[in-house]
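Structure, rendered in structure tokens:
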């Protein structure tokens, strides 16, 4: 009997101990100092920003110049050297007499959009290869060989490498057969609010041909985010995209201005086959 | 009384006119017959000032000869001045030796011929051939810069020479692309269509000097980035 009561006491004591521990944890949790630089609640938060590189190319055999190949090779080198800093997507465009099966009308629309957004003094001519960095922040057009194309790309990347990102992006992809639905969690870092944002998702496929490793096979945009307050976290579900499930794919999500001229932050995830 | 006042000036006036004419006539006659009065002296007249050569090398000597006469028959004196180089004595003759300066260019010699009262001067130029080549500097594009194929390359350069520049040529990969006549300000601006194959290319600006035909040049490398011009994205 005495042993029973002793056991009961121990059980009560244990419960009290647990309750106290939980209470301590809860109360401590309320006062967590937000000093993590990636914590959106930290007014001084920022992330090491990533750079979005969008290349417009045509790799069809028989083209009179190998220049798009040089550019894609240079992008490969860039991706190897700066895997944590750059995210690359390659939009294939038809050129005269050289249609490509990876051409999409949306690619042309985006190219025209970027071209129109450039200042008329630097707009120059349309042609491939043409590489846009963080939207229209920088542009590397044409190539003479891989080394010089890489050098120019590297210069553009390094000049932005130290820019702190003021957004953080997390991506989830709901895959159902060939249908992919991107779900993006976006948070505003730092100590200022943001307005008029747009989240865009780009699906890139790794085709089983050399140099076709980042072929854009789909892209969708969400609705305009009128305001994202400092520290605010927002979940966005983007329209679904169809894609060939038999090839390895990656999903890129980026946040840009509502006019899609400047990309502020980007992230990429791999989608399982 | 009133009548007397009116008539008196009318009677005096003709006599005053006669007196004035007489005085003037006397003055002219005295001049005419004064043997001490000097005639008007005229300036010497320079017929020619010639150099025995008008294009010379630095340090070379040239003889300058002035031919002048004096209508008054007076002895003439000569004074020489040069804008460069130096004069070899004697310097007070109608002929002088002029040693050219070391630097090319156009120089002037001037002579002042004087009689006892008046003088006249004349000058003539000589060109010293500069032994150096024109100095050429390409201001833009910059070395190693990238330019898109089928675009237009602007080239700015400066070219100077002591004898002036006759012509400036722009070459791309050894092919003449543009030419300009010499300009006094030494600034040359060209444009050049980049239709060369993609890859490294050499820009050379070449200047030809006046007089000597000496050639100076500057060159640099650029990179022409190939591009395949696509159809309009709006189609």
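Protein chains in written order, with our numbering: chain A, 44 to 316; chain B, 341 to 575. Ideal Cβ placement from N, Cα and C applies to all residues, glycine included. Remember, predicted model here, so these are calculated numbers, not experimental data.
Short Cβ contact (8 Å threshold) for residue 222 of chain A with residue 285 of chain A: yes
Three-way DSSP call (helix, strand, coil) for residue 315 of chain A in this model: coil
Extent of the continuous beta strand (DSSP E) to which residue 556 of chain B belongs: 555 to 565
Closer than 8 Å to chain B by CB, residue 277 of chain A: no
Residue burial classification, residue 492 of chain B (beta-carbon count within 10 angstroms, cutoff 16): exposed
Secondary structure of residue 278 of chain A, DSSP reduced to three states: Collapsing the DSSP output to three states places residue 278 of chain A in a strand.
Reference residue 88 of chain A, options A:242, A:121, A:209, closest by Cα: If we check each option's Cα against that of residue 88 of chain A, A:209 comes out closest.
CB contact below 8 Å: residue 538 of chain B versus chain A: yes
Beta-carbon contacts of residue 574 of chain B that lie in its chain and below 8 Å, excluding the five residues immediately before and after: Note on residue 574 of chain B: pLDDT 41, under 50, position unreliable in the model; no value is reported.
Opposing strand residues paired with residue 493 of chain B [DSSP bridges]: B:532
Residue 221 of chain A - DSSP class collapsed to helix/strand/coil: coil
Bridge-paired residues (DSSP) for residue 146 of chain A: Beta-bridge pairing links residue 146 of chain A to A:135.
Neighbourhood of residue 403 of chain B by C-beta, 8 Å cutoff - its chain only, sequence neighbours within 5 removed: 391, 392, 435, 436, 437, 438
Assigned secondary structure, residue 434 of chain B (DSSP; H/G/I helix, E/B strand, else coil): Three-state result, residue 434 of chain B: coil.
Nonlocal neighbours in the same chain, by C-beta distance under 8 Å from residue 136 of chain A, ignoring five residues either side: 99, 100, 101, 143, 146, 150, 151, 154, 171
Residue-level contact to chain A via CB, residue 512 of chain B, 8 Å cutoff: no
For residue 509 of chain B: DSSP bridge partner residues: B:519, B:546
Under 7 Å by beta carbon: chain B residues contacting residue 106 of chain A: 568
Neighbour-count burial assignment, residue 232 of chain A, 16 or more Cβ in a 10 Å radius: buried
C-beta contact flag for residue 318 of chain A and residue 295 of chain A at 8 Å: Residue 318 of chain A falls outside the range modelled here, since chain A spans only 44 to 316, and no answer is possible.
Three CB pairs or more closer than 8 Å across the region 400 to 419 of chain B and the region 471 to 484 of chain B: no
C-beta atoms of residue 106 of chain A and residue 568 of chain B nearer than 8 Å: yes
Counted within 10 angstroms of its Cβ, other Cβ atoms place residue 248 of chain A as buried (16 or more) or exposed: buried
Proximal residues, the region 488 to 510 of chain B versus chain A, C-beta separation under 8 Å: Taking 8 Å as the cut-off between beta carbons, the residues of the region 488 to 510 of chain B near chain A are 488, 489, 490, 491, in sequence order.
Distance cut-off 7 Å: residue 524 of chain B Cβ against heavy atoms of the ligand HEM: In the structure on display, the ligand HEM does not appear, and there are no ligands present to speak of.
Residue-level contact to chain A via CB, residue 590 of chain B, 8 Å cutoff: Residue 590 of chain B falls outside the range modelled here, since chain B spans only 341 to 575, and no answer is possible.
Segment contact flag, the region 120 to 132 of chain A with the region 194 to 204 of chain A, C-beta cutoff 8 Å, min 3 pairs: Contact annotation: the region 120 to 132 of chain A touches the region 194 to 204 of chain A, with at least three C-beta pairs closer than 8 Å.
Under 8 Å (Cβ pairs) to chain B, residues found in the region 182 to 195 of chain A: 184, 185, 186, 187, 188, 191, 192, 195
7 Å Cβ cut-off: residues of chain A touching residue 563 of chain B: 187, 191
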